[in-house]
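Note that the sequence shown ends on residue 539 in my numbering; no numbers are left out.
Here's the structure, in structure tokens; my notes come after.
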Amino acid sequence: MKRILLTLAKIIGVIVIILGSVVFFREELIVWRLGPPDTFDEATAPAAPNYADLHFWAAHPEKTETSDLRLPGAGEANTTAQQVDVFYVHPTTYMGPGLWNSPMALDHAPAQTLETMLGGHGTIFTDCCRFYAPRYREAHIAAFNADYVENGMEALDFAYRDVEAAFDYFLEHFNDGRPFIIAGHSQGSLHAMRLLELRVDKLAIRDQLVAAYPIGFWFPEDRLDRGFANLSLCEAPGQTGCLITYDVFGDGSIGREPEGRMPQWYATGWEYEVPARTLCVNPISWEVNGEMMGRDRHKGGLPLVPTFAALDILLNRNNGVSYDALVAPIPNLTSAVCREDGSLMVEAEKTLPHFSKGVDDSQMYHTYDWQLFYLDIKDNVELQVANYFSSKQPVKASETAQ
Numbered sequence: 138m139k140r141i142l143l144t145l146a147k148i149i150g151v152i153v154i155i156l157g158s159v160v161f162f163r164e165e166l167i168v169w170r171l172g173p174p175d176t177f178d179e180a181t182a183p184a185a186p187n188y189a190d191l192h193f194w195a196a197h198p199e200k201t202e203t204s205d206l207r208l209p210g211a212g213e214a215n216t217t218a219q220q221v222d223v224f225y226v227h228p229t230t231y232m233g234p235g236l237w238n239s240p241m242a243l244d245h246a247p248a249q250t251l252e253t254m255l256g257g258h259g260t261i262f263t264d265c266c267r268f269y270a271p272r273y274r275e276a277h278i279a280a281f282n283a284d285y286v287e288n289g290m291e292a293l294d295f296a297y298r299d300v301e302a303a304f305d306y307f308l309e310h311f312n313d314g315r316p317f318i319i320a321g322h323s324q325g326s327l328h329a330m331r332l333l334e335l336r337v338d339k340l341a342i343r344d345q346l347v348a349a350y351p352i353g354f355w356f357p358e359d360r361l362d363r364g365f366a367n368l369s370l371c372e373a374p375g376q377t378g379c380l381i382t383y384d385v386f387g388d389g390s391i392g393r394e395p396e397g398r399m400p401q402w403y404a405t406g407w408e409y410e411v412p413a414r415t416l417c418v419n420p421i422s423w424e425v426n427g428e429m430m431g432r433d434r435h436k437g438g439l440p441l442v443p444t445f446a447a448l449d450i451l452l453n454r455n456n457g458v459s460y461d462a463l464v465a466p467i468p469n470l471t472s473a474v475c476r477e478d479g480s481l482m483v484e485a486e487k488t489l490p491h492f493s494k495g496v497d498d499s500q501m502y503h504t505y506d507w508q509l510f511y512l513d514i515k516d517n518v519e520l521q522v523a524n525y526f527s528s529k530q531p532v533k534a535s536e537t538a539q
């Protein structure tokens with residue numbers, strides 16, 4: 138009996154040591170579990186997606202999925218009214234483990250995270266547009282970490298090749314010369330901006346562009362001047378042939394970190410920089426200025442609870458949760474202003490009760506860049522589409538309906 142008790146005591150001691158290690162070294166263990174390899178090696182990357190196979194489209198008009206959902210009381214979508222295509226590049230969903238670029242497996246956590254994006258972003262376009270969202274070998278989230286700059290840029294380059302291949306396939310096989318919108322979020326917006334510069338801005342296809350929404354990335358103020366010949370920021374509601382970007386923070390924060398660096402792609406190569414000011418279009422007024430837009434002008438945010446959880450990411454599993462329906466957006470929830478540094482500030486006290494999951498003390502609302510202004514974006518997109526067809530030419534700021 139004494140020997141059994143001694144053995145049991147040793148086992149308990151080992152368990153205590155293990156649990157203590159987990160508590161004191163949990164961050165190191167998470168990094169060890171999810172972190173990318175020490176070096177980027179294209180030879181170990183997952184196989185390329187085949188965009189002729191609908192499996193590699195997270196959203197497509199020939200598939201039924203979350204981006205098809207409509208707001209309460211909206212009824213069935215009128216597909217004949219969907220006169221415009223949307224090419225959407227999703228944000229970072231891949232947190233590891235084991236590779237610099239996502240293997241795109243549907244039973245892994247990234248597929249679950251993408252469900253939230255299809256619900257909170259894709260459904261905005263249901264009434265006006267056919268929605269296309271390719272799966273691509275996105276870069277690991279560590280690509281944006283200062284400890285992995287060179288490897289991260291290689292992984293981002295690799296991911297962009299898929300995005301461009303998907304866009305080319307979309308144009309050749311699906312679009313049939315229709316007007317289109319290019320949209321994205323976070324890493325997806327970084328790729329979307331590069332796509333706009335290389336494949337749209339200086340080509341005849343620019344005439345098909347209704348607008349672009351590369352939202353949720355810290356684009357430096359000079360980003361468009363350093364590569365774009367034609368596209369500029371939208372400056373009024375309903376303006377077409379232009380782009381919209383912003384990044385949301387609560388008004389109890391300092392906004393974008395003064396020393397925060399981001400990888401930025403230019404035609405001259407990658408740079409890793411601290412933007413003094415970032416591009417910002419106010420998603421309530423659709424203007425480029427520092428004017429505060431009051432809560433009374435906010436059309437509505439969609440309080441859609443994210444489908445993913447930290448444990449799912451840690452275990453790299455798809456928990457199978459999906460949205461059956463959308464909830465009603467909440468109007469008059471927040472004011473908004475583009476600050477001097479380019480951060481878009483919203484009212485934390487009013488918004489956090491509805492948009493809090495994933496928002497820490499820094500009050501960075503990154504998960505909700507689209508959802509906070511769901512109806513504002515939806516109405517502006519539909520106005521842009523109407524203006525595009527009424528003129529058959531890009532509508533300038535001075536010509537828009539107010």
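All C-beta atoms in this analysis are idealised placements derived from N, C-alpha and C, irrespective of residue type, glycine included.
Nearest CA to the CA of residue i: which residue from the options?
| i | options | result |
| --- | --- | --- |
| Y297 | W402, A413, L470, T504 | W402 |
| G353 | K339, Q345, V347, R393 | R393 |
| L176 | M241, L332, A292 | According to the sequence provided, residue 176 is Thr. The question's Leu does not apply to it. Minimum Cα distance to T176 is reached at A292. |
| K515 | A189, T181, F262 | F262 |
| T504 | D513, N517, L489, V221 | L489 |
| P228 | W507, Q521, D498 | W507 |
| E301 | G256, N187, D513, A218 | N187 |
| A462 | D244, P240, L255, P174 | L255 |
| M232 | F281, F193, A404 | F281 |
| A248 | F193, V223, D222, E199 | F193 |
| D222 | G325, S527, V522, S528 | V522 |
| D361 | I278, P174, D433, C417 | Before going on, a small fix: residue 361 reads as Leu here, not Asp. It is C417 whose Cα lies nearest to the Cα of L361. |
| P357 | P468, T415, G406, P198 | T415 |
| G427 | E372, S326, D178 | E372 |
| G438 | A366, D513, S369 | D513 |
| A270 | G375, A196, W355, L368 | A196 |
| P468 | G457, Y511, D305 | Y511 |
| R434 | P374, R274, S323 | P374 |
| D305 | Y285, R336, I278, D294 | R336 |
| Y285 | L452, P174, Y460, E486 | P174 |
| I391 | S499, G289, T253, L171 | S499 |
| V458 | L171, E213, T253 | T253 |
| D449 | P234, E424, K339 | P234 |
Would you list the residues sitting across from residue i in a DSSP beta bridge?
| i | result |
| --- | --- |
| W407 | W402 |
| G321 | V226, P351 |
| L370 | L380 |
| G495 | DSSP output for G495 lists no bridge partner at all. |
| R267 | D222 |
| N238 | A276 |
| G94 | In the structure as shown, the chain begins at 138 and stops at 539. Residue 94 is therefore absent and cannot be evaluated. |
| P357 | T415 |
| M501 | F386 |
Give me, in chain order, the residues of the same chain whose beta-carbon lies closer than 8 Å to that of residue i; leave out the 5 immediate sequence neighbours on both sides.
| i | result |
| --- | --- |
| V483 | V385, F386, G387, D388, T471, S472, A473, Y502, L509 |
| M430 | N419, I421, S422, S472, A473, V474 |
| R454 | D244, H245, A246, Q249 |
| K494 | V442, P443, T504 |
| L481 | Y383, D384, V385, F386, C417, N419, P420, A473, V474, C475 |
| K200 | L191, W194 |
| E202 | A195, A196, L255 |
| S369 | L361, C379, L380 |
| R413 | It should be noted that the sequence gives Ala, not Arg, for residue 413. P357, E358, D478, listed in sequence order. |
| K529 | none |
Tell me which same chain residues have a C-beta within less than 7 Å of the C-beta of residue i, skipping the five on either side of it?
| i | result |
| --- | --- |
| E519 | D264, C265 |
| V347 | V221, P316, F317, I318, T377, Q521, V522, Y525 |
| R398 | A283, Y409, E410, V411 |
| S527 | none |
| R331 | Y297, W402 |
| Q219 | C265, C266, R267 |
So, at 6 Å on beta carbons, what are the nonlocal neighbours of residue i in its own chain, with the 5 sequence-adjacent residues on each side left out?
| i | result |
| --- | --- |
| G321 | V226, A329, P351 |
| T250 | T230, F445 |
| P209 | A465 |
| A404 | G364 |
| F311 | none |
| P198 | R267 |
| Q345 | P316, F317 |
| L327 | F354 |
For residue i, name the three-state secondary structure that DSSP assigns.
| i | result |
| --- | --- |
| L335 | helix |
| L346 | strand |
| F177 | coil |
| F304 | helix |
| P247 | helix |
| F193 | helix |
| F281 | helix |
| K200 | coil |
| M290 | helix |
Regarding residue i and the ligand FAD, is the C-beta to nearest heavy atom distance less than 8 Å?
| i | result |
| --- | --- |
| F526 | No copy of the ligand FAD appears in this structure; indeed no ligand is present at all. |
Start-end ranges of the alpha helix (DSSP H) lying completely within the stretch 410-493, minimum 4 residues: 447-452, 485-488
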